[in-house]
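Note sheet for the following structure.
Protein chains in written order, with the numbering used here: chain A, 27 to 489; chain B, 8 to 159.
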């Protein structure tokens with residue numbers, strides 16, 4: 027007894043809490059603090075001597091008016107003014123005090139003098155990363171215009187702009203810019219064209235909800251990644267980017283059903299490896315076939331809720347990964363000839379017929395959207411047919427809502443052949459647990475008699 | 008499933024770990040050593056203990072094995088569980104991720120610490136991290152005055 031007690035006190039004394047955070051090297055502390063708004067970092071000055079002047083040399087400045095109470099705009103403006111004034115001074119006296127990242131997220135009430143001054147400080151400090159979000163105080167209020175200084179900042183590498191206006195009158199020269207994201211930005215086709223001319227090193231471009239584009243032309247020989255999200259009035263998108271590796275189109279949040287007659291021309295982008303089209307109403311059987319024919323290096327294809335795709339024919343030598351997310355309730359037929367396909371994922375209801383020719387398939391992930399009155403004999407027969415097309419895969423992952431969906435009726439199990447005799451590893455995830463695990467296990471053995479591993483889980487993230 | 012060849016990593020306390028090249032390449036430090044052809048024998052990592060190295064390898068393996076377009080919610084949940092460790096371990100992982108130059112792990116762990124700081128009063132922060140307040144009352148008052156526009 028006595029020895030046990032002695033050991034206990036010994037353990038307690040070795041767990042004296044140690045202040046490890048203050049001992050972290052400066053660059054690591056700066057990285058942690060880069061995830062906090064600057065006002066919080068300044069307030070840390072009161073913690074202890076080591077923390078007093080840390081904020082004088084943090085490389086990232088991040089200001090948001092939501093960190094201050096909504097009625098205290100003046101206080102917020104005063105805070106930023108003071109902060110920048112002190113940083114300006116400290117940069118003269120502390121050699122490793124630099125600003126590399128500047129973020130501003132505010133509600134815009136008009137005026138530009140103050141913001142021009144702040145951005146001028148950022149540009150003069152040679153920042154590399156700029157994030158600017160200036161949502162207007164109410165819907166019809168005009169956007170703030172981006173100052174010309176920013177468009178000539180040779181140090182900028184990564185720029186994200188939200189709710190701003192870009193005018194044609196400024197000369198644009200951003201030789202180091204690698205990544206540009208414009209969300210809800212007012213700019214015309216011509217201004218975007220000029221921006222791209224001024225960014226000879228641009229690798230990533232994201233255009234989201236920019237409603238002024240009508241006839242969009244994207245020309246850039248350096249561009250590798252392009253994302254186009256939710257345009258409305260646009261009639262035509264022409265992309266001339268011979269080195270483009272990845273193209274993403276998503277019209278999910280477009281008001282109405284979006285541009286149906288949209289023409290998207292990617293014929294010069296023959297190096298595309300990753301293609302993702304979501305809510306692309308302009309793509310149908312023939313245009314998809316032509317598109318894929320022109321992409322000999324295609325490795326990954328994702329088609330998500332493209333309403334007009336009723337028949338899909340995919341012939342691709344290099345395709346490794348195909349994800350298909352079906353629009354509810356329309357009948358779709360797909361025929362896939364991709365000898366190197368390694369990963370196939372499907373999400374949708376059972377109005378889907380598949381013909382698949384891929385001998386190297388490693389993994390199939392199937393998310394079945396079903397409703398509990400679905401499960402009549404026809405439904406199960408259709409499901410058995412579908413499962414048998416996936417027989418060539420080594421790993422099969424089935425996500426269903428209810429366990430019933432996989433507990434095939436006794437009569438079918440007697441007269442039908444096992445659909446997946448070659449599948450070795452089966453993973454089943456169900457959203458609802460109905461206590462029928464053993465029946466499910468039994469059914470799984472029938473689905474794939476040569477199973478090596480079986481796992482049955484409840485899945486929290488059913489979508 | 009194996010992706011390419013295997014490499015051997017050696018921790019500070021002499022333990023060796025064999026991993027796929029793709030997993031090791033999640034670390035920019037290791038990736039450069041592979042590219043510079045220094046990876047034929049075991050790669051020595053004198054700043055990383057075996058306990059930390061196995062944690063880091065667990066993270067890299069999970070991230071390499073998750074197919075990119077899908078499973079982002081599941082991966083995020085896994086990440087959230089991965090950082091549910093005691094403070095000492097968390098800081099050890101930060102230092103390991105910093106030394107090995109694994110950006111996503113460094114971001115994940117630093118964000119976790121930042122979340123522990125956010126919305127806390129200075130006294131609460133001191134308590135959480137066992138920071139000793141070494142200001143005299145006069146010095147503390149001086150700091151408050153200096154940055155009063157932030158404390159309003």
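Note that beta-carbon positions come from the ideal geometry of N, C-alpha and C, so glycine has one too.
For clarity, every value in this text was computed on a predicted model and none was experimentally measured.
Element boundaries [beta strand (DSSP E), containing residue i]
i, result
"residue 276 of chain A", "272-276"
"residue 455 of chain A", "451-456"
"residue 288 of chain A", "Element bounds for residue 288 of chain A: n/a, residue is neither H nor E."
"residue 14 of chain B", "13-17"
"residue 87 of chain A", "86-90"
"residue 252 of chain A", "251-255"
Interface flag, residue i vs chain A, CB-CB below 9 Å
i, result
"residue 33 of chain B", "no"
"residue 108 of chain B", "no"
"residue 157 of chain B", "yes"
"residue 8 of chain B", "Confidence at residue 8 of chain B is low in this model, with a pLDDT of 42, below 50, so the placement of that residue is unreliable and no value is reported for it."
"residue 98 of chain B", "yes"
"residue 86 of chain B", "no"
"residue 54 of chain B", "no"
"residue 151 of chain B", "yes"
"residue 48 of chain B", "no"
"residue 147 of chain B", "yes"
"residue 45 of chain B", "no"
"residue 102 of chain B", "yes"
"residue 105 of chain B", "yes"
"residue 113 of chain B", "yes"
"residue 92 of chain B", "no"
"residue 27 of chain B", "no"
"residue 122 of chain B", "yes"
Per-residue burial, residue i [other beta carbons within 10 Å of its own, 16 or more giving buried]
i, result
"residue 429 of chain A", "buried"
"residue 39 of chain B", "exposed"
"residue 33 of chain B", "buried"
"residue 445 of chain A", "buried"
"residue 77 of chain A", "buried"
"residue 139 of chain B", "exposed"
"residue 144 of chain A", "buried"
"residue 287 of chain A", "exposed"
"residue 390 of chain A", "buried"
"residue 119 of chain A", "exposed"
"residue 154 of chain A", "buried"
"residue 275 of chain A", "buried"
"residue 460 of chain A", "exposed"
"residue 81 of chain A", "buried"
"residue 349 of chain A", "buried"
"residue 62 of chain B", "buried"
"residue 260 of chain A", "buried"
"residue 293 of chain A", "exposed"
"residue 431 of chain A", "buried"
"residue 167 of chain A", "exposed"
"residue 45 of chain B", "exposed"
Interface flag, residue i vs chain B, CB-CB below 9 Å
i, result
"residue 50 of chain A", "yes"
"residue 74 of chain A", "yes"
"residue 46 of chain A", "yes"
"residue 43 of chain A", "yes"
"residue 482 of chain A", "no"
"residue 70 of chain A", "yes"
Residue range of the unbroken alpha helix (DSSP H) whose run includes residue i
i, result
"residue 335 of chain A", "No alpha helix (DSSP H) contains residue 335 of chain A, which DSSP labels as neither H nor E."
"residue 116 of chain A", "99-119"
"residue 185 of chain A", "Unbroken run through residue 185 of chain A is the beta strand (DSSP E), 184-191; no alpha helix (DSSP H)."
"residue 303 of chain A", "Residue 303 of chain A -> not in any alpha helix (DSSP H); beta strand (DSSP E) instead, spanning 300-304."
"residue 118 of chain B", "110-124"
### Inside the segment 20-86 of chain B only - alpha helix (DSSP H) runs reaching at least 4 residues
28-31, 35-42 and 57-72
### Query
For the segment 345-388 of chain A, which segments carrying the beta strand (DSSP E) assignment without a break, of at least 3 residues, lie completely within its bounds, in sequence order?
347-351, 358-363, 369-374 and 378-383
### Task
Can you give me, in chain order, the residues of the segment 124-145 of chain B that have a beta carbon less than 7 Å from any beta carbon in chain A?
124, 125, 129, 132, 133, 136, 137, 138, 139, 140, 141 and 142
#### Entry: the segment 52-67 of chain A: positions lying closer than 8 Å to chain B by Cβ
53, 54, 57, 58, 59, 60, 61, 62, 65 and 66
### Query
Residue ranges of each beta strand (DSSP E) run of no fewer than 3 residues wholly in the segment 193-238 of chain A, ordered along the chain?
Runs of the beta strand (DSSP E) inside the segment 193-238 of chain A: 205-212 and 230-234.
### Query
Going along the chain, which residues of the segment 97-127 of chain A sit with their C-beta nearer than 9 Å to a C-beta in chain B?
Against chain B - using a Cβ distance shorter than 9 Å - the residues of the segment 97-127 of chain A are 98, 101, 104, 105, 107, 108, 109 and 112.
#### Entry: Continuous beta strand (DSSP E) assignments of at least 3 residues falling wholly in the segment 425-486 of chain A
451-456 and 479-484
### Task
Would you mind listing the alpha helix (DSSP H) stretches within the segment 124-154 of chain A that are 4+ residues and don't spill past its ends, in chain order?
139-150
### Query
Mind listing which residues of the segment 78-89 of chain A have their C-beta closer than 9 Å to chain B's C-betas, in chain order?
Residues of the segment 78-89 of chain A with a Cβ closer than 9 Å to any Cβ of chain B, in chain order: 78 and 81.
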